[in-house]
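Sequences listed follow chains A and B, in order. So for the first sequence, my numbering puts the first residue at 3; every next one is plus one. So for the second sequence, my numbering puts the first residue at 3; every next one is plus one. Just so you know, even glycine gets a beta-carbon here, dropped at the ideal spot from N, CA and C. A short write-up of the structure that comes next.
2 protein chains.
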Amino acid sequence: MANPVQTLQGMRDWLPGRSRLRAWIISRIRENFERSGFEPVETPALEYAETLKGKYGEEADKLIYAFTDRGGREVGLRYDLTVPLARVVASHPDLSRPFKRYHIAPVWRAERPQRGRYREFTQCDIDVVGVPGELADADVLFTVMACLVDLGLPGFVVRLNDRRLLQAIVARLGIAPNRALGLFRALDKLDKIGTAGVRAELMERGFSGAEIDGLFGFLIPRGDPSIILPELGRTLGGREDAAAAIASLGRLVSALAGLGIASDRLQVDPTLVRGLDYYTGCIYEVTVVEPAIGSLVGGGRYDDLIGIFTGRPTPATGGALGLDRIIDVIEALGLAPAGMQGPVAPVQMTIFSEETLATSLRVAGNLRRAGIACDLAIAGGRLSNQLRDAARRGVRWSVIAGPDEIEQGKLLVRDMVSGEQTALSEADAGEFLRGQL
Amino acid sequence: MANPVQTLQGMRDWLPGRSRLRAWIISRIRENFERSGFEPVETPALEYAETLKGKYGEEADKLIYAFTDRGGREVGLRYDLTVPLARVVASHPDLSRPFKRYHIAPVWRAERPQRGRYREFTQCDIDVVGVPGELADADVLFTVMACLVDLGLPGFVVRLNDRRLLQAIVARLGIAPNRALGLFRALDKLDKIGTAGVRAELMERGFSGAEIDGLFGFLIPRGDPSIILPELGRTLGGREDAAAAIASLGRLVSALAGLGIASDRLQVDPTLVRGLDYYTGCIYEVTVVEPAIGSLVGGGRYDDLIGIFTGRPTPATGGALGLDRIIDVIEALGLAPAGMQGPVAPVQMTIFSEETLATSLRVAGNLRRAGIACDLAIAGGRLSNQLRDAARRGVRWSVIAGPDEIEQGKLLVRDMVSGEQTALSEADAGEFLRGQL
Chain A
3 MANPVQTLQG MRDWLPGRSR LRAWIISRIR ENFERSGFEP VETPALEYAE
53 TLKGKYGEEA DKLIYAFTDR GGREVGLRYD LTVPLARVVA SHPDLSRPFK
103 RYHIAPVWRA ERPQRGRYRE FTQCDIDVVG VPGELADADV LFTVMACLVD
153 LGLPGFVVRL NDRRLLQAIV ARLGIAPNRA LGLFRALDKL DKIGTAGVRA
203 ELMERGFSGA EIDGLFGFLI PRGDPSIILP ELGRTLGGRE DAAAAIASLG
253 RLVSALAGLG IASDRLQVDP TLVRGLDYYT GCIYEVTVVE PAIGSLVGGG
303 RYDDLIGIFT GRPTPATGGA LGLDRIIDVI EALGLAPAGM QGPVAPVQMT
353 IFSEETLATS LRVAGNLRRA GIACDLAIAG GRLSNQLRDA ARRGVRWSVI
403 AGPDEIEQGK LLVRDMVSGE QTALSEADAG EFLRGQL
Chain B
3 MANPVQTLQG MRDWLPGRSR LRAWIISRIR ENFERSGFEP VETPALEYAE
53 TLKGKYGEEA DKLIYAFTDR GGREVGLRYD LTVPLARVVA SHPDLSRPFK
103 RYHIAPVWRA ERPQRGRYRE FTQCDIDVVG VPGELADADV LFTVMACLVD
153 LGLPGFVVRL NDRRLLQAIV ARLGIAPNRA LGLFRALDKL DKIGTAGVRA
203 ELMERGFSGA EIDGLFGFLI PRGDPSIILP ELGRTLGGRE DAAAAIASLG
253 RLVSALAGLG IASDRLQVDP TLVRGLDYYT GCIYEVTVVE PAIGSLVGGG
303 RYDDLIGIFT GRPTPATGGA LGLDRIIDVI EALGLAPAGM QGPVAPVQMT
353 IFSEETLATS LRVAGNLRRA GIACDLAIAG GRLSNQLRDA ARRGVRWSVI
403 AGPDEIEQGK LLVRDMVSGE QTALSEADAG EFLRGQL
């Protein structure tokens, strides 16, 4: 019986060119995270299933890869990096506050695969634990936006809302709080199923026509915070809860402006819900106009989640960059830096013959130790074939040590683009190649 | 019911200091892999269970985390990175040969946790696909050794053997080839259970006293290749299969010497087996004298594994650095570079008051955009507390923008070690901090 050679659906292999692009993007993101003072933390892929379940919402829970291990424990692959962070904070009470951490790692969701949606995908998370104010939210949102700017993504927009504003609208409509999550879950599908779809789902969930009409009356189209926030103030500001949420969003927008975020990057979107149950304050998503691929970044404040583990109120706020979608966008828009498709080693040491092998090995070893990435023609064969193969793979320089060169104490350095060959001593060849790279 | 806050047994959280050390080690390993011309490839954590099973040996198969997913598929978490590579090669027949790839990623094994043995651990693999000769083996072994040298590991030794030599001994003893795997599995435990333990297990597996005595007669103690290889030649060299294996080891040792590997790093060890079933040629492990933690590197040639997937013979050879054990050794020997325990951001922007907040935000945003890692005192509070907290965390420089400084168009840059404060313009402060870092 033949062994399957394909990956599981929704999971992917990363071959050299794309894997290098992926590593480059991660290094840019990591640098921006560290520039903002976020510290790395890593956690296991597997957690007790109980750790994961009951945090994300009824539909999300079904997507957790959960199973019983050989020791009879109920375990699951992490669904995101936020719940593991909450567990870490609870299990390490000595961590200093504010605790600012980043974590770049794969997560797994048994979703129906589609464009920009995978069953294994990598999240790049930053979170601040222990600070209740909008400065913490702004620190996170500034940093994820700095990543996108640094990666050269044009035309992205942050859609911003606050769960407390949605809750104030629900309260204003006289809807009991225990029905709010159902309403949020329906509204969360607005981008996918449109207003009519959301209305239908709300009817199904038992909301009355008056409630639904009332809801959509408050959900004005998204736009510039300086326009939308005052408008929300006029329609809802009489309520203390709504006024507090609107003021909080105002402070967040103002802090972001202070940090140098261009105001045209920000929109307040009263319809934004974010699927996960654990948010309690500001929420946001970052989208690009092209390609239509869903949100690249999501985040918000979740002041109650960590308390589930610690038993004490612990304010927290965080955002996650979706690495896979960012890669998709960078590839679709042709934003990848040059050179990702060529070989990692721009130099190849050829092997002329069995008699000259020792020289080739010595030179390759020395170049590598000198920090010059140098492949070795381990497959052997005729020199002309080694050079042809190197040219095909995009090698920039080949080094040749034939009997004549060895007798003269020289190496030939061949420019694989021009075909020009220069005889240099081993030391000079190393100097030359280092200068070229 | 309280949620569990601990990790699963044998799995660990990496908090900031250790996570930074881990990232630094990975970056050193990655650089050495790329210097030798190995290209990055990544694969999913989950594979079809059928892909994984039947490749490692009967006991190893039991350690695979396998389960049925919601779609009824039998799946498993990868047990190593070699079998996924074999699948990748089969599913991408257009990959050029030789195909040299590296892969740094976690693997999972449901082993009994003990010192240096975890259920989730990270392997750093390099493999060469498509080249049968010893130069490919040498290219791999040189590169993993270069990593250990670059990380500053003292006193490591490569133990080298060849499965074909073990098979020649088995044949010389008149043991049928189908009994060889059982013999190898018992012998593989030599380090753990000693000669007496292996003898007992071989008896249990049905080997006769004469067979066992004969076996140990050929298994001379390990030592310098220039001594051990001729000795093996004297006792076994009359057999063609043994002579070929001894000659192959000789060519590998010679190629490593050519690449500049010191000969005292290499020992030929006729008792070395390596647990996995798929090896067919040279095999090796790298150990350190202190601490006693098992092997840091394992590898060898496996010319038949990829053919299981491709249906065509495909020579391959590779080695894996065990990241977790390397970290354990670096920590135990105090080899970690300085500065891993301090904060990632050496600079903190303080917040004097609500009135000066806008200046603090602007300066923090500008420093970050200029590439200077700068934390922001988002928790607020009195300036003296912000400074005390920064000092406690090891922040090197604090920047202060109080009303007086703002009026003079200056910032105070405070040296957190000496306590000295210097008034500088924002531009000069940026220049100064950049120069310090």
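Beta-carbon proximity check, residue i vs residue j, cutoff 9 Å
{"i": "R80/B", "j": "G12/B", "result": "no"}
{"i": "P272/B", "j": "I230/B", "result": "yes"}
{"i": "D190/A", "j": "V90/B", "result": "no"}
{"i": "T269/A", "j": "V133/A", "result": "Checking the sequence, you will find Gln at residue 269/A rather than Thr. No; because the gap between Cβ atoms is not below 9 Å, this pair is not in contact."}
{"i": "L2/A", "j": "L261/B", "result": "The requested residue 2/A does not occur in the structure, where chain A is confined to residues 3 to 439."}
{"i": "I308/B", "j": "A318/B", "result": "yes"}
{"i": "A51/A", "j": "L167/A", "result": "no"}
{"i": "Y280/B", "j": "G301/B", "result": "no"}
{"i": "T448/B", "j": "F220/B", "result": "Nothing can be reported for residue 448/B, as the shown portion of chain B is limited to 3 through 439."}
{"i": "I380/A", "j": "V130/B", "result": "yes"}
{"i": "K64/B", "j": "A25/B", "result": "no"}
Straight-line Cα distance separating residue j from residue i
{"i": "N5/A", "j": "G313/A", "result": "49 Å"}
{"i": "R37/B", "j": "L10/A", "result": "32 Å"}
{"i": "L323/B", "j": "L143/B", "result": "11 Å"}
{"i": "G208/A", "j": "I106/A", "result": "40 Å"}
{"i": "C376/B", "j": "A294/B", "result": "41 Å"}
{"i": "N387/B", "j": "K412/B", "result": "22 Å"}
{"i": "V349/A", "j": "G432/A", "result": "11 Å"}
{"i": "A92/B", "j": "L48/A", "result": "29 Å"}
{"i": "R384/A", "j": "I248/B", "result": "27 Å"}
{"i": "D127/B", "j": "I28/A", "result": "20 Å"}
{"i": "T316/A", "j": "S420/B", "result": "35 Å"}
{"i": "D226/B", "j": "K194/B", "result": "23 Å"}
{"i": "E61/A", "j": "T53/B", "result": "30 Å"}
{"i": "L258/A", "j": "V290/A", "result": "19 Å"}
{"i": "L306/B", "j": "K57/B", "result": "Just to set this straight, residue 306/B is Asp in the shown sequence, not Leu. Their backbone Cα atoms lie some 10 Å apart in a straight line."}
{"i": "G336/B", "j": "D71/A", "result": "36 Å"}
{"i": "D326/B", "j": "L23/B", "result": "11 Å"}
{"i": "G382/B", "j": "A68/A", "result": "42 Å"}
Where residue i meets chain B, residues with beta-carbon distance less than 8 Å
{"i": "C376/A", "result": "R37, S38 and G39"}
Proximal chain B residues relative to residue i, where beta-carbon distance stays under 7 Å
{"i": "E52/A", "result": "N5 and P6"}
Contacts around residue i, its chain only, beta-carbon distance under 8 Å, and the 5 residues preceding and following it disregarded
{"i": "G367/B", "result": "none"}
{"i": "V43/B", "result": "L87, V90, R103, Y104 and H105"}
Host alpha helix (DSSP H) of residue i (start-end)
{"i": "R37/A", "result": "P18 to R37"}
{"i": "L10/A", "result": "Looking at the DSSP string, L10/A is not in any alpha helix (DSSP H), and its letter there is neither H nor E."}
{"i": "N5/A", "result": "Run containing N5/A: none; DSSP gives neither H nor E here."}
{"i": "V419/A", "result": "Counting along the chain, V419/A falls outside any alpha helix (DSSP H), and DSSP gives it neither H nor E."}
{"i": "F158/B", "result": "No alpha helix (DSSP H) holds F158/B; the beta strand (DSSP E) holding it covers F158 to D164."}
{"i": "V133/A", "result": "Counting along the chain, V133/A falls outside any alpha helix (DSSP H), and DSSP gives it neither H nor E."}
Contact set between residue i and chain A, taken where Cβ atoms lie within less than 8 Å
{"i": "D15/B", "result": "V43, E44, T45, P46, V90, S93 and H94"}
{"i": "A347/B", "result": "E36, R37, S38 and G39"}
{"i": "V77/B", "result": "L10"}
{"i": "R119/B", "result": "Residues of chain A passing the Cβ test: none, with the nearest at roughly 15 Å."}
Interface partners of residue i on chain B, CB under 9 Å
{"i": "L137/A", "result": "I353, L359, L363, L378, A379, I380, A381 and G382"}
{"i": "L323/A", "result": "Correct list: empty, because the minimum Cβ distance to chain B is about 16 Å."}
Element boundaries [beta strand (DSSP E), containing residue i]
{"i": "N180/B", "result": "Counting along the chain, N180/B falls outside any beta strand (DSSP E), and DSSP gives it neither H nor E."}
{"i": "A107/A", "result": "F101 to W110"}
{"i": "V291/A", "result": "Looking at the DSSP string, V291/A is not in any beta strand (DSSP E), and its letter there is neither H nor E."}
{"i": "M351/A", "result": "V349 to M351"}
{"i": "V270/B", "result": "L268 to V270"}
Interface residues of chain A facing residue i [CB-CB closer than 9 Å]
{"i": "E49/B", "result": "P6, T9, L10 and M13"}
{"i": "S250/B", "result": "Within 9 Å Cβ-Cβ: nothing; S250/B doesn't reach chain A, min ~15 Å."}
Same chain, Cβ closer than 6 Å to residue i, neighbours up to 5 away in sequence not counted
{"i": "A425/A", "result": "K412 and L414"}
{"i": "P108/B", "result": "E122 and T124"}
{"i": "L153/A", "result": "R30"}
{"i": "I332/A", "result": "A338"}
Cutoff 7 Å; reference residue i; Cβ partners in own chain excluding five residues on either side
{"i": "A188/B", "result": "V200, E203, L204 and R207"}
{"i": "L278/A", "result": "Y58, G59 and A62"}
Where residue i meets chain A, residues with beta-carbon distance less than 7 Å
{"i": "D71/B", "result": "Y67 and A112"}
{"i": "D141/B", "result": "L378 and I380"}
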